[in-house]
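Numbering (the working numbering), first residue to last: 656 to 971. Below: one structure, written as structure tokens.
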């Protein structure tokens, strides 16, 4: 999936500057740090490598989990980073384009590339996740267009609203987004696209905010808990907006328990990233005017939320 998305991005957005999607707040270390200290940094930050810079912020090396494993094997964790870092670092210029970045990933097969200015000073770092998350969020790459939407929904055209009981034509949804990634760090791309869509339709700011927050929580739940792909549907009406989020994953065994604040089945590594605090469903209920959750263990989850608008609007 990652390779397929990168290929699509490269074809359409080849000339985007790396400065638009690189991570600027870079975690780095100095050469005199011990390998053991770097090991702890990687564990706490849940990353797999960091650049090494001198006192002038010039990139002089990079140290990764592979280097640390070698030190573990040789019992040299207490020695300096300078002895075990990779010194011939492949860097990207801050003037590089997305096409240049992808060529680097294809050629060197590294997990990350430092980005430097003309003096060799560290100004950012790029991973594949930076491309997938930042570029997709900014440019709407993952928003599926009408033709793709018809393919996805071909076998399931009509369903009923869980709230009103009325028939819903999912094929005719005003907004559709497929959650087809399993990295919790990417959660929120769909909510961001929905927010941008609602703003373009003239929905009041206060309504857009609560819809985006509730949708973000629902999207994050799919990524953390379902173990499957998911879908976001949005339907516009003059007086209300309905958002429906579906997955076909593990399901919820006890919905009443899941609705309690603080209850969570998220694994430890997800909690360490700041997710899975047990506030997803409670926040969705808090920000929506009506919400219904339909689920069964092993058969996925359907969450439908209704948001009544502060004032009617006319679709542009």
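For every residue, glycine included, the Cβ atom is placed at its ideal position computed from N, Cα and C.
Compute the Euclidean distance between the alpha carbons of residue i and residue j, then round it to the nearest angstrom.
{"i": "residue 858", "j": "residue 822", "result": "24 Å"}
{"i": "residue 881", "j": "residue 713", "result": "43 Å"}
{"i": "residue 678", "j": "residue 777", "result": "11 Å"}
{"i": "residue 715", "j": "residue 705", "result": "11 Å"}
{"i": "residue 829", "j": "residue 905", "result": "28 Å"}
{"i": "residue 854", "j": "residue 873", "result": "20 Å"}
{"i": "residue 772", "j": "residue 685", "result": "19 Å"}
{"i": "residue 682", "j": "residue 847", "result": "26 Å"}
{"i": "residue 894", "j": "residue 865", "result": "15 Å"}
{"i": "residue 954", "j": "residue 742", "result": "51 Å"}
{"i": "residue 694", "j": "residue 780", "result": "19 Å"}
{"i": "residue 782", "j": "residue 766", "result": "6 Å"}
Keeping to the same chain, check which residues put their C-beta closer than 8 Å to that of residue i; ignore five residues upstream and five downstream.
{"i": "residue 670", "result": "752, 753 and 754"}
{"i": "residue 734", "result": "689, 690 and 726"}
{"i": "residue 862", "result": "853, 896, 962, 964 and 965"}
Excluding five sequence neighbours on each side, which residues of the same chain lie with their C-beta closer than 6 Å to the C-beta of residue i?
{"i": "residue 759", "result": "768"}
{"i": "residue 868", "result": "942"}
{"i": "residue 702", "result": "none"}
Is it buried or exposed, residue i, if we count other Cβ atoms within 10 angstroms and call 16 or more buried?
{"i": "residue 901", "result": "buried"}
{"i": "residue 699", "result": "exposed"}
{"i": "residue 922", "result": "Unreliable placement is indicated for residue 922, whose pLDDT of 46 sits below 50; no coordinate value is reported for it."}
{"i": "residue 747", "result": "buried"}
{"i": "residue 764", "result": "exposed"}
{"i": "residue 738", "result": "exposed"}
Based on DSSP bridge pairs, tell me the residues matched to residue i.
{"i": "residue 704", "result": "719"}
{"i": "residue 885", "result": "834 and 902"}
{"i": "residue 959", "result": "899 and 947"}
{"i": "residue 714", "result": "708"}
{"i": "residue 771", "result": "748 and 777"}
With a threshold of 7 Å on Cβ separation, who are the neighbours of residue i within its own chain once the five nearest residues in sequence on each side are excluded?
{"i": "residue 929", "result": "Interpretation of residue 929 is limited by its pLDDT of 41, a score under 50 that renders its predicted location unreliable; no figure is taken from the coordinates."}
Going by alpha carbons, who is nearest to residue i out of the options?
{"i": "residue 690", "options": "709, 708, 710 and 724", "result": "724"}
{"i": "residue 870", "options": "893, 894 and 834", "result": "834"}
{"i": "residue 756", "options": "740, 675, 775 and 680", "result": "675"}
{"i": "residue 961", "options": "845, 937, 891 and 683", "result": "891"}
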